[in-house]
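Below is one structure, written out as structure tokens, with a few remarks after it.
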Amino acid sequence: MTPWRPSPPDIDLDIADDRREEVINYMGEKYGHDKVAQICTFGRMLARAAVRDIARVLGYPYSTGDRIAKLIPLGSQGFPMNIEKALAVSPDLKRLYDADNDAKKVIELAKEVEGSARHISVHAAGLVIAPSEITEFTPVQLDPEGKKIITQYDMDALDPNVSPGEAIGLLKFDLLGLRNLSILGASIAIVKEARDVDIDLQKIPTTDAKTFEMLSRGDTMGVFQLSGSGMTRYLKELKPTRVEDLMAMVALYRPGPMAQIPEYIERKNSPKKISYFDPRMKDYLEKSYGLLVYQDDVFTTAINIAGYSWEEADKFRKAVGKKIPAEMERQKQKFIEGAMKNGMAGEKAEELFKLIEPFSGYGFNKAHAASYGMVAYQTAYLKANYPVEFMAALLTAESNDPEKISAAINECRRMGVKVLPPDINESDVGFNIVADKDSKSGRAIRFGLSAIKNVGKAAIEAILEARKDGHFSSFAEFLSRADARRVNKKVLESLIKVGALSSFGGRAALLYSIDEIRSRVVRPKSSAGQQDLFGESDTVKSKESVSSLIRTDVSEFSQDELQSLERQLLGFSLSAKPLGELISPLSHEATHKIFEISPHENLGENVRIACVVTQVRIVVTKTSGAEMAFVRVEDDTGSLELVVFPRIFNETRSYWVDFKPLLISGRVDSREESPTLIVEAIKTQEEVGENKKDVYIRIPTRVGPRELTKLKSLLLANPGEMSVTLVFAGKSRKVNLPLKNNGLPLKIAWTEELARSIADILEA
């Protein structure tokens with residue numbers, strides 16, 4: 001805040017997502033529930049959605065709308081692509097528009113509906129507080145679920161910051177629920193319970209070597225703002241040593257300023273390369289190695305170099321942020337003239353303004369970056385110093401997302417943190433820590449009950465209530481103590497199938513015996529004061545004799561069957577081999593891990609991935625009636641959707657089997673900001689084994705001559721029959737370099753030990 005600021009401030013509060021409703025209720029209690037309301041928002045037709053909707057209502061096949069939509073380039077943050085602009089920047093779209101009358105019709109009609117409101121919902125974060133009853137300022141309505149009162153006006157009509165001079169004047173509060181804050185809180189609570197250690201986040205050291213070493217290795221899974229393939233790659237190159245480095249990466253890793261990241265990394269690692277565009281800028285750019293990183297740097301430059309007042313600088317900041325062409329041109333002239341008056345040459349002033357322009361729409365203010373940088377550091381600190389507790393909290397936070405749980409468990413395996421299967425006597429609602437003599441730390445994470453399909457809140461409460469009287473010694477005792485109405489047959493079957501009751505018998509035997517045992521065991525009624533139909537002696541007798549009812553003539557399920565049951569109810573198999581082991585025989589031919597594939601940086605690139613199939617959805621094309629498939633695959637770093645068009649699908653139909661290891665070659669595409677792969681070729685493990693001739697080694701951009709020399713020495717020490725190609729993949733192009741030794745192809749023997757040694761060199 002300054003006396004010269006022409007508009008109210010934005011008010012953004014980040015809150016643990018599991019406590020956001022508490023804060024909203026508190027605001028209602030403090031200011032009056034009749035004065036506080038969340039804001040409505042209108043979902044609008046963006047370019048791609050408009051095309052797909054128009055094609056659908058006109059009766060065209062899905063493929064027609066989809067083909068047009070995919071030719072519309074993705075917009076950038078704050079600046080969604082529109083159809084008119086797409087026709088100007090996409091030659092393929094323009095050619096289709098000119099050549100295909102159906103496409104032209106769809107596009108022209110889509111222009112008419114583009115931007116119109118499609119549906120109403122509750123704003124993800126926005127809330128307003130009125131000085132008197134809210135209905136004096138805005139009409140209200142029930143939200144789509146009919147549970148809470150929200151405004152009928154959206155933020156454009158309410159907030160003077162959004163629509164200056166037009167809005168009714170209620171300032172919007174953004175209360176954003178952050179899952180990472182919930183994970184931080186849960187981690188601290190688990191550390192207290194497991195180790196009796198009190199952690200005060202305000203007092204943890206901000207120079208912890210273990211934390212920065214972990215980030216420099218790229219072990220960022222679960223770390224706020226720093227996970228993701230692109231950011232992780234940059235962190236490994238940067239090798240951060242202070243919180244300011246994390247702040248800068250948070251601010252720079254977005255369209256526009258992102259182009260400065262390589263320069264930031266180079267200046268940090270080679271201090272001799274640090275320079276300042278103007279000596280006067282050293283005072284406020286010293287900690288960012290002379291680079292413009294934050295919004296604050298932009299308006300401070302306007303004040304110090306171009307002679308702006310604070311009020312003018314704030315208007316300049318807004319103009320840069322909103323990227324209004326006429327206003328930007330006016331500001332450009334003013335900035336250059338001001339800089340020249342303060343002693344800077346005209347050409348240099350124009351060059352400085354060009355450095356500012358990339359901040360349009362994306363610049364982070366320093367306070368925001370500092371807040372996010374500190375939360376990033378705090379999550380990294382807990383992961384580095386309290387790995388078991390942190391991963392337990394992370395797994396609990398992701399309990400409703402099997403894909404994220406699977407990825408987190410793979411991370412636990414990589415970290416050496418053991419995750420035990422669910423157990424009726426040890427599992428809690430979430431993932432908890434238990435003693436385990438076979439683990440290095442003597443502790444392991446026990447799988448949480450809430451992550452098991454069909455086991456809901458009521459059933460879990462009943463199990464934990466019954467367990468207050470002690471562990472269950474048998475299946476019969478469990479049934480007799482747990483409320484049968486809440487722990488019903490479906491719940492029992494799910495618990496048995498995932499192995500939560502395996503201490504009482506084999507899964508197959510328990511499943512085949514469940515009806516007989518349930519009919520014979522006396523269970524307490526859930527209503528207070530209600531007596532059992534049988535006397536105490538009958539109850540005891542029933543529990544003592546029931547073990548004989550568990551079938552002994554039933555063979556246990558095979559490993560494949562057990563894993564299939566786990567996948568049905570957990571979304572993945574805990575007892576299966578780690579994915580890394582399953583795909584290991586194929587990994588030498590892969591050019592990328594799934595985690596490394598970006599919908600922006602790798603768009604259109606041909607890649608190969610070693611993976612397993614987890615889900616297959618077969619569809620029939622409307623044009624030809626042929627079958628094609630959308631296939632979900634995973635490796636040990638993440639998951640990806642494959643698009644398998646009819647010809648390839650027809651040739652490889654037998655390959656698409658759950659958890660079959662495959663080597664997939666394809667072209668990177670994107671759908672709604674997520675990468676997809678258009679499949680071009682598939683190899684099975686057997687086919688790769690028959691043609692084990694080539695090894696592809698992906699070289700990170702930061703690797704220099706010293707590491708490459710070490711790599712070649714290592715390869716020469718492992719002679720064999722497989723030729724080696726180094727893959728250098730930059731932002732704009734990829735170069736494959738076959739390795740030679742004395743003019744002949746360098747050939748090696750590929751082993752897992754060699755793979756680990758290569759990783760040690762390239763990731764050092």
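Counting in the UniProt record's numbering, the final residue of the sequence shown is number 764, and the numbers go up one at a time with none missing.
Just so you know, even glycine gets a beta-carbon here, dropped at the ideal spot from N, CA and C.
The Cβ atoms of S450 and V419 lie no closer than 8 Å to each other.
By the CB criterion at 8 Å, A110 and I54 fall inside the cutoff.
One thing to note: I15 has its Cβ within 8 Å of the Cβ of G177. In the three-state scheme derived from DSSP, where H, G and I count as helix and E and B as strand, P675 is classed as strand. If one requires a minimum length of 3 residues, the beta strand (DSSP E) runs lying completely within the region 688-726 are 694-699, in chain order. For a cut-off of 8 Å, the C-beta gap from V668 to L746 is around 29 Å, too long to register as a contact. Boundaries of the beta strand (DSSP E) around A16: 11-16. Less than 8 Å separates the beta-carbon of S494 from that of N454.
The C-beta distance from A393 to L215 rounds to 19 Å, too long to meet the 8 Å contact threshold. By alpha-carbon distance to F431, the top candidate from C412, A749, K437 is C412. Shown here, S270 sits in coil according to DSSP, grouped into three states, outside any helix or strand. Sequence-distant partners of I583 (beyond 5 residues in either direction) whose C-beta falls short of 7 Å from its own C-beta, in its chain, are A610, C611, V612, D635, P661. N82 and V113 have their C-alpha atoms some 11 Å from each other. Put simply, of A444, I409, K268 the residue whose alpha carbon is nearest the alpha carbon of K236 is K268. Ranked by how close their Cα comes to the Cα of V657, the residues F630, R217, P646, S187 have F630 in first place. The region 216-232 and the region 341-353 do not touch, with fewer than three beta-carbon pairs separated by less than 8 Å.
Taking a C-beta distance under 8 Å as the contact criterion, L184 and I39 do not qualify as a contact pair.
Annotation: the continuous beta strand (DSSP E) that includes D635 extends over 627-635. Residue pairing from DSSP places I149 in a beta bridge opposite L142. Inclusion of A49 and I72 in the CB contact set at 8 Å is not warranted, their separation being larger than that value. With three or more CB-CB distances shorter than 8 Å, the region 132-147 counts as touching the region 29-36. Listed as beta-bridge partners of R67 by DSSP are no residues whatsoever.
When C-alpha distances from G59 are compared across K622, A189, L726, the shortest belongs to K622.
Under the three-state reduction of DSSP output, A55 falls in the helix class. Taking 8 Å as the cut-off, the beta carbon of Y234 is found closer than this to the beta carbon of I265. When the five nearest sequence neighbours on each side are left out, the beta carbons in the same chain lying within less than 6 Å of the beta carbon of T614 are those of R632, E634, in order along the chain.
Note that the C-beta distance between V616 and M628 is not below 8 Å.
When the Cα atoms are used, I107 and D10 turn out to be separated by approximately 38 Å. A contact is defined here as three or more CB-CB pairs under 8 Å, and the region 189-199 fails this definition with respect to the region 399-411.
Straight-line measurement puts the Cα of A99 at about 12 Å from the Cα of P91. Looking from the CA of S639, the closest CA among F212, Q378, L579 belongs to L579. Proximity to L663 across F645, P585, L737, F316 peaks at P585, based on C-alpha coordinates.
Note that the C-beta distance between N425 and F475 is not below 8 Å. Of E465, I409, K712, E461, the smallest CA-CA separation from A576 is found for I409. In the structure shown, N400 falls within a coil segment according to DSSP collapsed to helix, strand and coil. Three or more Cβ pairs drawn from the region 497-516 and the region 561-572 lie within less than 8 Å of each other, which places the two stretches in contact.
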